[in-house]
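Report on the following structure.
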Amino acid sequence: MVRAIKQGTTSFIPVALFVVSSLLMLSLFRFGYFILYTERVIEAINPIEFFLLGIRADLIQIGYYTLVPLLLFPFCNFRKTHQLWLKFSVLWFSACFALLFFMEISTPAFLAQYDTRPNRLFFEYLLYPKEVFSTLWNGFRGWLILGVTASGLVIYTVYTFSKSMHKRLAQRTTHHGMAWLLLPVVLVFTVLGIRSTLAHRPANPAFFAVSSDAMVNSLILNSNYTLAYAVYNLKHEDKANRMYGQLTDAEVIATITAEDHLKSADFPFKNYPTVHFQAASNKREKPLNIVIILEESLGATFVESLGGLPVTPNIERLKNQGWWFENLYATGTRSVRGIEAVVSGFLPSRARSTVKLSDSQRYFFTIADALKRQGYTTEFIYGGESHFDNMAAFFTGNGFSNIIDQDEFSNPVFEGSWGVSDQDLLTMLHARLIEQQGSSQPSFTLAFTSSNHEPFEFPDNQIALSEHPKQTVNNAVKYADHALGQFFDRAMQSDYWQNTLFLVVADHDTRVYGNDLVPIQKFHIPGLILGGDISPRVIDTVTSQIDLTPTLLSLAGVSAYVPTLGQDLSNPETPPANRAMMQFGDSYGWLQGNQLTVLTTDGKQHQFTYQRDSKELLPSHQSLADKQIKRIQAFAMAPSVLYQSHAYYVPVTH
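Numbering (the numbering used here), first residue to last: -3 to 650.
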């Protein structure tokens, strides 16, 4: 009997070796991350619980990989096919181990950049190998070389070991009846490992979200799991934000259209329930040209008067000549989020940005579409490749008539990994505005900078460096500010200045990190509207990026039907809403004054008080009325409702 059991278990040696070696390898990597982020881990969770939960999470991913050969086993445990199964299982487990290792060795650089384990961005950016490789080579060269070398050695070692293992097992393992009896036991333990709980629903990443530090929560998992879960979530994109509440679509629409600045609005289109007519507060005989300069990664972190570093003297100078936003907040942490909010006024969500989603590539509102219908020429200028992040497809499908990108810059002063320099970009913008000045049509231009993007490449001898070496974020921001200052010095002396409205705003801050559910201070960005006949003004109430489009249209003298939910801040009849919304991973933040409410995917609401001077979030015991909770949930759910019903668009009849 003992001999029979031994012979039966021999078939499952590859399974046992894979499980044990993978658990050991993943635990060693997790120990390394613990060493790197000891302070944050200890502050967030008991270290013993951290490692035990990590093993539990690892068993889920290992279980999925183990399940494949186990499910094939019943079809192969026969004299003529058992050796084939054995060969497949050894190769399969070797490949899975190599993949587990590769993802873990790739994780430290990703953590340093995004403050979380690999997620959807990991595979989305694989579509842009030139930019990604350049960023890795210039910013993480040492780790890139180490990762490639280590991965190569592991693949070679695993391959050599698997050949030897298969040869030894082939000599001593044959099909055996006892294996049939052991298979159900192995399968049961594998399925239990995958579920990780006997509750109704199996474990998911939210099950391991045991602290308020999202990065620490991700460290509990493993990178194969976080990446696989991101892929799995793609099929739920259109419903991504519905889990923040239990409101019906009708309740969501009724709540978001009941905002003070929309109370008197008429919503005439049943299938487009947020579309309303916005009358311009500034009545003009001829509407102004509109230019949006979207600054890459230029957050309040780099603006001294907003509590940041003194590396943007030109922004500090220019802010006194227009509308200056002291408490403006980005909706997200990526460029496409900034584009989505500034150009479309769309609310943030857990899903991919609408710049990338398939059902928003046409018939989706943008300020360019609204202005094109008013007779404007519409143009996008970018110093890099416009296909990046799907910008070209989204823009051309939604109102932009012309796109100028890297290929159309002849003899640029400087060309780096992400395209031509900001000086080249803004020189092109200046030339285009001069050319358009002779047209009878007003113009709209979106210019998107890129010099302040890792690996922070910019021309020599343009600025006095803030620090050494040259290629640092502080120096890159200072250069971006220098290029911006040069542009406005020329613009103010040009004929187009008096009939052009400019918005300078960041897409987001630089690297977002912190142990808060939503690190508010890393969403704070500068914003400035100037040009034309704009008088200086300070907007000190909390404002969101989604408020910029309706405000720009109104200041430029454009009355139009829009589906936007942001507020026209130039309208004197409605006081500012004093709120901003932002998405950070799976957490949805709503800042009202200095009170932050965070909705999490487990259906809970978390309350904090934001101390602006110290940039700290303190737990708050202030309870919200049901009406206010419903309002926040409605805004959190609205992106999914509007996207899924194809409702964020103005019918062409108007």
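Glycine is no exception: its CB is placed at the ideal position from the N, C-alpha and C atoms.
As the structure is a computational prediction, the values presented were derived from the model and not from experiment.
- Excluding the 5 residues flanking it on each side, L177 has no same chain C-beta neighbour closer than 6 Å.
- In this structure, M424 and F405 form a Cβ contact; the two beta carbons are roughly 6 Å apart against a cut-off of 8 Å.
- For F263, the three-state secondary structure derived from DSSP is coil.
- Shown here, L613 sits in a strand according to DSSP, grouped into three states.
- Cβ-Cβ distances below 6 Å link F444 to L290 and Y378 in the same chain, with the five nearest sequence neighbours on each side left out; the list follows chain order.
- Per DSSP, the beta bridge partners of V500 are I289 and L524.
- Along the stretch 282 to 338, the beta strand (DSSP E) occurs as fully enclosed runs of 3 or more residues at 285 to 291 and 319 to 325, listed in sequence order.
- Residue pairing by DSSP places S447 in no beta bridge whatsoever.
- Scanning its chain for C-beta atoms nearer than 6 Å, with the 5 sequence neighbours on each side dropped, one finds around Q433 the residues D491 and Y492, in chain order.
- The C-beta distance from G341 to P546 rounds to 7 Å, short enough to meet the 8 Å contact threshold.
- Distance from the CA of S293 to the CA of P559, rounded to the nearest whole angstrom, comes to 27 Å.
- As for any alpha helix (DSSP H) of minimum length 4 sitting wholly inside the stretch 371 to 408, the runs are 387 to 393, ordered along the chain.
- In this model, S17 and F361 are separated by some 52 Å (Cα to Cα).
- Apart from the 5 residues on each side of it in sequence, T329 sits with its Cβ closer than 6 Å to the Cβ of H504 and V508 in its chain, given in chain order.
- A contact is defined here as three or more CB-CB pairs under 8 Å, and the stretch 475 to 491 meets this definition with respect to the stretch 412 to 430.
- Following the DSSP letters along the chain, one finds S85 inside the alpha helix (DSSP H) bounded by residues H78 to Y110.
- In this structure, DSSP gives Y557 an extended state, which the three-state scheme calls strand.
- C-alpha of H617 to C-alpha of M577: approximately 21 Å in a straight line.
- The distance from the Cβ of G50 to that of I216 is about 5 Å, consistent with a contact at the 8 Å cut-off.
- Annotation: the continuous alpha helix (DSSP H) that includes Q57 extends over P43 to L68.
- In this structure, V287 lies away from L524, with their beta-carbon atoms at least 9 Å apart.
- In chain order, S147 place their CB closer than 7 Å to the CB of F98, counting only its own chain and leaving out the 5 sequence neighbours on each side.
- The stretch 75 to 91 makes contact with the stretch 7 to 24, as at least three CB pairs between them are under 8 Å.
- Straight-line measurement puts the Cα of R280 at about 8 Å from the Cα of A552.
- By the criterion of at least three beta-carbon pairs nearer than 8 Å, the stretch 466 to 480 is in contact with the stretch 298 to 311.
- The residues G379, G380, Q402 and S446, in chain order, have a CB closer than 6 Å to that of G415 in the same chain once the five nearest residues on each side in sequence are set aside.
- The beta carbons of R358 and G393 sit about 4 Å from each other, so the pair counts as a contact at 8 Å.
- Less than 9 Å divides the Cβ of S555 from the Cβ of F273.
- Of the residues assessed, D622 falls on the exposed side of the cut-off, its CB having fewer than 16 other CB atoms within 10 angstroms.
- Counting of Cβ neighbours within 10 angstroms places E336 among the buried residues, the total reaching 16 or more.
- Between the alpha carbons of D418 and Q458 lies a gap of roughly 12 Å.
- When the alpha-carbon of V409 is set against those of N448, T374 and F454, the nearest one is in F454.
- Counting only runs of 3+ residues, the beta strand (DSSP E) found wholly inside the stretch 450 to 512 occupies 496 to 502, in chain order.
- Under DSSP, H602 takes part in a beta bridge, and its partners are V594.
- Within the same chain, and ignoring the five residues on either side of R333 in sequence, the residues whose Cβ sits closer than 8 Å to its Cβ are A326, T327, P344, S349, D503, H504 and Q579.
- When the Cα atoms are used, T253 and T270 turn out to be separated by approximately 7 Å.
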